[in-house]
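Protein chains in written order, with our numbering: chain A, 78 to 511; chain B, 425 to 996; chain C, 15 to 203. We treat Cβ as the ideally placed atom computed from N, Cα and C, and that holds for glycine. Worksheet: one structure, shown below.
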Amino acid sequence: MIRLSYTTIIIAFLFCVSAPVWSVEAFPPPEFENPHPLPETMTPQPRQDVYEYVDVAVLLAALAVSSYLVLSKRSRRWIFVLMIFCLVYFGFWREGCVCPIGSIQNVTLAIFDSSYVIPVTTVAFFVLPLVFTLFFGRTFCAAVCPLGAIQDLVLLRPLSVPKWLEGALRLCAYVYLAAAVLFAATGSAFVICRYDPFVSFFRLSGSLNILVFGFCLLLIGIFVGRPYCRFLCPYGVILRQLSRLSKRRVTITPDECIKCRLCEDSCPFGAIKQPTAEWPAADYKRNKRTLAIMLVLLPVLVLLGGWAGLTLGPAASRVHETVRLAERIYAEDAGLVEGTTDASDAFRATGTAPTALYSEASVIRGNIKFGSALAGAFVALVAGLKLIALSRRWQTQDYEADRAGCVACGRCFEYCPKEHVRLGEKEQGAVNER
Amino acid sequence: MNADTMSLFQDRRLAVRVAVVAAVFSLIVVGLLITNYVKRTVSDAERTARLDAMKIVLARAPGNQELITEIRELDLTVRQNMIRRLDYSRKGAWFLLVSLVVLVAGLKWQSSLDKKPPAPQPTVQTSDRQSSLAAWSRRCVGVSVLVFLSAALLLGISPRIDFEQTGPAVSPYPSPEEINRNWPYFRGPGGAGRSAHKNVPTSFDPNTGKGILWKSPVPLLAFNSPVVWEDRVFLSGADVNDRQVYCYDGSSGRLLWTGDVPALPSPSPSEEEIEPMEDTGFAAPTMATDGRRVYAIFATGDIAAFDFNGRRVWARNLGTPENTYGYASSLTMYQSLVLVQYDQATPEDERSKFIALNTFTGRTVWDANRPVGNSWTSPVVVNVADKPQLLTVADPWAIAYNPADGSEIWRADCVGGEVASSPIDANGLVLVIKPYETIVAIKPDGSGDVTKTHIAWNVEADAPDICSPVSDGEFVFLLTTEGVIYCHKVADGALVWEKDLEASFYASPSIVGDYLYLVSSKGVMFVIEIGNEIKELSRSKLDEKSYASPAFVDGRIYIRGDKHLYCITNMD
Amino acid sequence: MPESKDKVTRRGFLREGLWGTSLAALGAAVGFFSAKGSKADTVWQIDPNKCTQCGNCATYCVLAESAVKCVHAYAVCGYCNICFGYFGAEPSDINTGAENQLCPTGAIKRTYVEDPYYEYTVDEKLCNGCGKCVKGCNTFGNGSLFLQVRHDRCVNCNECSIAVACPSDAFKRVSADKPYLLKGTDDTQ
């Protein structure tokens, strides 16, 4: 017994003597005379997972209802109602996050970064609108997307954007998509989220700059229909291409077009294709030459775009915080800047050698340079293909909705006399039944 | 719907009125929200600044009840405002949202009533129009491609910082060659009191002014030695109220800037006022520099870093040092670390530590507890078999640490008394002084307690109590405060010669080339040729007292007198 | 025209093919990510060991009132009389006067337990996430105060604005099953 306590004393002594070496806990835990229960550290839980699945279910239902309303019921009024519901639910209630537009980044990150585990619900948000578009056209844009809804709501005095300007403006959306994929793939930033103009309205708070940007877009949106959707949305350009392939498409007329021209000015988004006239033979030849030039121009453009992207690469790499930190540490050590930033202080406190940081940042910069070249080539490819498309002789027989550009809002339905006939028939049918 | 509601719905004027009311309401709410925002960022910020200023005043005069009440009232106002404004902006946002919704609804209502029947344009699509439309579209796409390409190129070729290139001087700390060219800490590179420069002057004549390039007054008296980097000379000075760092231009002597070190809150304040001995002063420790910043520590425990332009980069207080004569250990450096020997009180109090601070931020990188009491020696960093060792000396241990992480390499029990002589390395041995008693040579290749195993020799000598020794590898020189200089052999510690110079010395001796330089407290610079017997070369007298060791650089000597800083240069 | 009919068939075939490929690709994506993906959502959290208490948490949150609050690990706390997270740098006196407190919003409450122990609790309604108390506690004390994202307030943005602004890379995505990294437990290991 004595020996045991002797050992205990030695151990306790060693404990006490070595305690100053531990700089972790300077003050020992309290020894209360009267038992005092320590309060619990509260840990409020986040939104339960089941609600995420509820969101997916609502999305699925909304997409289904929207497709039904656009293709079967063909009712602008009900599309409007569904749009309001989705604006309230996905916009103000869920505060606009995660949205299918942003999910592009999550999916890209999941492909390139094995340490990021993408939630299944986010995959659903990415895939569901795409699948519905493959079948029914852009019914997602019509009534489900809250960003589209908020723009659609403020559209009061639509002006038409000149048709020759549209293709060029849409190139911005491809640039945005390329940038979003590049920065998400390299783990630099989620630019779609960072520059989302409308999410600060949904949250009723946010950075002043983004609030002002969103407000300006909405002001423009009073006159120019859905400016973000048509010229900026990166998800929209994917939907455009899938919508071209869709099984069923939005039609202005419920059955046959009689070319009465009454729907010509009905689309605030410029998505109605008008019947084309026959082209004379002389034009035909000239057109063939233009087409040949554009075909040759395509690879040149792609190379140019790739080269421009490569040049932009190092500047673009500054979006990544590791590259920015490496530049800062280098500048401080070389005396190019004065003082330190919080980030450089925190880095130096870790005791890591700058050379390790530089090599990590070099790798990231190399990746971004490569990705940026690809992005540049991609944008140039899109531009080149557009040029080729504009050089081809296209023929439209009837007044039809442009498969890629039509957002299925349904505004044009009531302009078609055939539609009125169908509705009249319905009424007639209802009357007959009675 | 009955007829009444139908007609109400058709009333266009009502729609317009609703829209107008909602618009006006929205504008009012926006205005209120903006005022709220402005109030938050301007007047609340101003109140908070005032509160902070009052708290600083209170810190100087604690117990001022009036001030305390004022602070409490202002603090309450600030806190209440903070919460009120947040609440206000939240409610305002909801109001704005609702009124905007009503506005949009009203406008849509009005526009639905304004709907006109479709009236297609009289013009018809012709093939000319179509092909010209296509051509213009192509041109527009081409223009936008050019815009994007040029934007990408412009952004890409803008100047940027390329950390991938290997350029000169990117290191966060200087190279050994740079350190050896300058005099960056107490007793120069490696703390050995030696300089490798060949053209250092050996005499000057204050009467004719020959050899004195300039002399500049130093505002506050202190006993620290000058440190030099290229053409910049640094000193610090302090009294009970102020602590200052001075930067002089080496060629002209102009005081370029004065840096102030504020009184910083101490993490371990002492009950009494700090009163260092008059002979020590508030700024006894010598500064250190790495060519990027200069670092100075004072008897209050305040340590600060300034960049070469005079801007204070960081400052902190390490805790008031408990030291009988006043804190006097000079700083030294290793790579990106400022090394501080913080010996205090007695070994039993266990308060002594060695602290390493990051040069960029001042944050503690490592610290090590030392089993010693207070001392007045300075640490030195030397190379032993190509590995750095941080040598420290205090009663009773001489300890060597790894400067990178503070781990102990070896320790030897061979020191005693109130020791102020710093250790040096000489020909692979570490020489340590025990004042009045012995000089000890330790072999630094051991580990752990090497008292019994690695002491090469331990010789009785009239060892100094203030000046540090200096050695050229063959001989080691001890200089007592009373003025006797002893020359011992490094190999075995045997006394070779001694001489009473009949002066008193506080500054440590230095060796430059083949000469030994001593500066007496009366300001006389002795230059002695090193050899098996003493051979005095010259004596030059300043016309003021001097207590600090001089600094030697290419072609110049900087000596600090009690009133001026002198720059001595060759007399040709 | 026979030519256009051929064209239609060719174009139609191409369209059908692309349609099928797209659908297959989407199906493959779903399969791939379902296998790899997690059932639970990810949320943002601060690693208290990396946090340098820079103050960005209070200002960079997209919400007007930041979702980051100070949290207390009572098991780690020393219950000191002079708490370095409660009292400012040079307190006039050791009492709960506003002039002595470090917290700008008065969110830390000091209650006497028994001699010489005091309990410090954080009122989350008042805390703004500035981290001053955390800095004091970590520099001179036990480090029992630390910042955490509160999930009853956090909106769970896809890209957290505070995470972007954090200078020490302390924000990470954690599974919603274990949304906290608490000090004094195995979470922070």
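Beyond the five residues adjoining it in sequence on each side, residue 739(B) comes within less than 8 angstroms, by CB distance, of 685, 686, 688, 726, 727, 728, 729 and 786 in the same chain, given in chain order.
Against chain C, the beta carbon of residue 333(A) has no neighbour under 7 angstroms; the closest one sits roughly 18 angstroms away. Leaving aside the five residues that flank residue 644(B) on each side, the residues in its chain whose CB is nearer than 7 angstroms to its CB run, in chain order, 661, 662, 663, 666 and 668. Per DSSP, the continuous alpha helix (DSSP H) segment holding residue 422(A) begins and ends at 419-427.
The secondary-structure analysis by DSSP pairs residue 641(B) across a beta bridge with 988(B). Nearest to residue 555(B) by alpha-carbon distance, out of 128(A), 117(A) and 241(A), is 241(A). Collapsing the DSSP output to three states places residue 552(B) in a helix. Remark: three or more beta-carbon pairs, one from each stretch, lie closer than 8 angstroms, so the region 336-350 of chain A and the region 485-496 of chain A are flagged as touching. Straight through space, the alpha carbons of residue 827(B) and residue 814(B) are spaced by roughly 6 angstroms.
A direct Cα-to-Cα measurement between residue 758(B) and residue 719(B) gives close to 13 angstroms. For a cut-off of 8 angstroms, the C-beta gap from residue 818(B) to residue 794(B) is around 7 angstroms, short enough to register as a contact.
From the listed residues 442(A), 384(A) and 368(A), the smallest Cα separation to residue 404(A) is found for 442(A). By the neighbour-count criterion, in which 16 or more other beta carbons inside 10 Å mark a residue as buried, residue 995(B) falls on the exposed side.
Comparing alpha-carbon positions, the option among 189(C), 99(C), 132(C) and 127(C) lying closest to residue 161(C) turns out to be 99(C). For residue 682(B), DSSP records a beta bridge to 670(B). Taking C-beta separations shorter than 7 angstroms and ignoring five residues to either side along the sequence, the partners of residue 505(B) in its chain run 468, following chain order.
Listed by position along chain B, the residues whose Cβ is nearer than 9 angstroms to that of residue 273(A) form an empty set, because the closest Cβ is around 18 angstroms away. Listed along the chain, the chain B residues whose CB falls inside 8 angstroms of the CB of residue 428(A) are 789. Taking each of 227(A), 476(A), 484(A) and 142(A) in turn and checking the Cα distance to residue 352(A), the smallest one comes out for 476(A).
According to DSSP, residue 757(B) shares a beta bridge with 762(B). Taking CB atoms only, residue 698(B) has no neighbour in chain C less than 9 angstroms away. Under the 9 angstroms criterion on CB atoms, residue 102(C) is classed as interfacial with respect to chain B. Contacts with chain B at 9 angstroms (Cβ-Cβ) do not include residue 133(C). The straight-line gap separating the alpha-carbon atoms of residue 747(B) and residue 843(B) is approximately 13 angstroms. The three-state reading of DSSP puts residue 163(A) in helix, counting H, G and I together. In the DSSP annotation of this structure, the continuous segment of the beta strand (DSSP E) that includes residue 862(B) starts and ends at 862-866. With respect to residue 275(A), residue 294(A) sits close: the two C-beta atoms are nearer than 9 angstroms. Rounded to the nearest whole angstrom, the C-alpha separation of residue 143(C) and residue 172(C) is 21 angstroms. Between the C-alpha atoms of residue 516(B) and residue 35(C) there is a straight-line separation of about 51 angstroms. In the displayed model, residue 143(A) falls within a helix according to three-state DSSP. According to the DSSP assignment, residue 660(B) belongs to no alpha helix (DSSP H) but to the beta strand (DSSP E) extending over 656-662. Below 8 angstroms, too few C-beta pairs join the region 537-547 of chain B and the region 507-523 of chain B to call them touching: fewer than three.
Taking 9 angstroms as the cut-off, the Cβ atoms of residue 769(B) and residue 706(B) do not count as close. With a 10 Å radius around the Cβ and a threshold of 16 neighbouring Cβ atoms, residue 86(C) comes out buried. Against chain B, the beta carbon of residue 106(C) has neighbours under 7 angstroms at 482, 486, 487 and 492, listed in chain order.
The Cβ-Cβ distance between residue 970(B) and residue 947(B) falls below 9 angstroms.
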